[in-house]
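Asker:
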Amino acid sequence: EVLWANTVLFKNHPVEKICKEHNIGFIGQLPDDVQTYDDKCFTNLLLKKYNLSLPLSFIIQSSTSTSSTTSSITSSSLSDISNLEELSPTTISINSLDQTWLKSHHVSFPVVAKPIRGRGSQGVEKISTYDELVDYAHRMFQTGDYGNALMVEER
Numbered sequence: 830e831v832l833w834a835n836t837v838l839f840k841n842h843p844v845e846k847i848c849k850e851h852n853i854g855f856i857g858q859l860p861d862d863v864q865t866y867d868d869k870c871f872t873n874l875l876l877k878k879y880n881l882s883l884p885l886s887f888i889i890q891s892s893t894s895t896s897s898t899t900s901s902i903t904s905s906s907l908s909d910i911s912n913l914e915e916l917s918p919t920t921i922s923i924n925s926l927d928q929t930w931l932k933s934h935h936v937s938f939p940v941v942a943k944p945i946r947g948r949g950s951q952g953v954e955k956i957s958t959y960d961e962l963v964d965y966a967h968r969m970f971q972t973g974d975y976g977n978a979l980m981v982e983e984r
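Residues 830 to 984 in this note's numbering are what the sequence shown spells out, letter by letter.
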């Protein structure tokens, strides 16, 4: 017996448990891999490691966030990236984000803002102004649906 999953399963998904308990084969994206590569910061670090071109990006954290943007990434998964600090995106708290900071970091609009975790373009928006960016960040952090950090990329 084999289950062919046509959707992405997260780590510890009930289907994963059932397949293990009943010795059912599984075809699809492995939940452990989804957990790792669903993190856009990790994926971008991996791409940068191999010198692939990426858009300019930075991270906005909620005012209540105390964790690093790479805190969800295991140190072993990044152990072979010697210049991790250099490759990591700049992070700023929503309370510190202002137009002066954006200008000093060469950010110009429009930009694309998105949750660090997630797929299927959920929560992704084209942002045309500073005020739209601040409004978007506040809305996203208020719902809490996507965690306490967002990625902003040049368009």
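In this text, a Cβ means the ideal position worked out from N, Cα and C, and glycines have one as well.
When the Cα atoms are used, what is the spatial distance from Val963 to Gly947?
Answerer: Answer to the nearest angstrom: the Cα atoms are 20 angstroms apart.
Asker: First and last residue of the alpha helix (DSSP H) that includes Thr872?
Answerer: Its alpha helix (DSSP H) spans residues Lys869 to Lys878.
Asker: Terminal residues of the continuous beta strand (DSSP E) containing Met944?
Answerer: For the sequence presented, residue 944 should be read as Pro rather than Met. Residues Val940 to Pro944.
Asker: For Lys943, tell me which candidate among His935, Val953 and Ser937 has the shortest Cα-Cα distance.
Answerer: Checked all of His935, Val953 and Ser937; the closest Cα to Lys943 is Val953.
Asker: What first and last residue would you give for the beta strand (DSSP E) that runs through Glu830?
Answerer: Looking at the DSSP string, Glu830 is not in any beta strand (DSSP E), and its letter there is neither H nor E.
Asker: Between the Cα of Thr958 and those of Val981, Lys878 and Ser922, spot the shortest distance and give me the residue it belongs to.
Answerer: Measuring from the Cα of Thr958, the nearest candidate turns out to be Val981.
Asker: Tell me, please, which residues DSSP counts as bridged to Lys955.
Answerer: Note: Lys955 sits in a beta bridge opposite Val941.
Asker: Around the C-beta of Leu881, are 16 or more other C-beta atoms found within 10 angstroms, so that it is buried, or is it exposed?
Answerer: Flag for Leu881 reads exposed.
Asker: Alpha carbon to alpha carbon, how far is Tyr879 from Asn841?
Answerer: Cα to Cα, Tyr879 sits roughly 30 angstroms from Asn841.
Asker: Quick one: residues in its chain with C-beta nearer than 7 angstroms to the C-beta of Tyr965, no 5 flanking neighbours on either side, listed in chain order?
Answerer: Only Ala942, Glu954 and Ile956 meet the Cβ criterion.
Asker: Along the chain, where does the alpha helix (DSSP H) containing Val844 start, and where does it finish?
Answerer: That run of the alpha helix (DSSP H) goes Pro843 to Glu850.
Asker: Return helix, strand or coil for Thr903, following the three-state DSSP convention.
Answerer: Unreliable placement is indicated for Thr903, whose pLDDT of 46 sits below 50; the coordinate value is still reported in the next sentence. Coil.
Asker: Starting from the Cα of Thr872, find the closest Cα among Leu931, Ile945 and Ala834 and give me that residue.
Answerer: It is Ile945 whose Cα lies nearest to the Cα of Thr872.
Asker: Within 10 angstroms of the Cβ of Pro918, are there 16 or more other Cβ atoms? Answer buried if so, exposed if not.
Answerer: Buried, since its Cβ has 16 or more Cβ neighbours within 10 Å.
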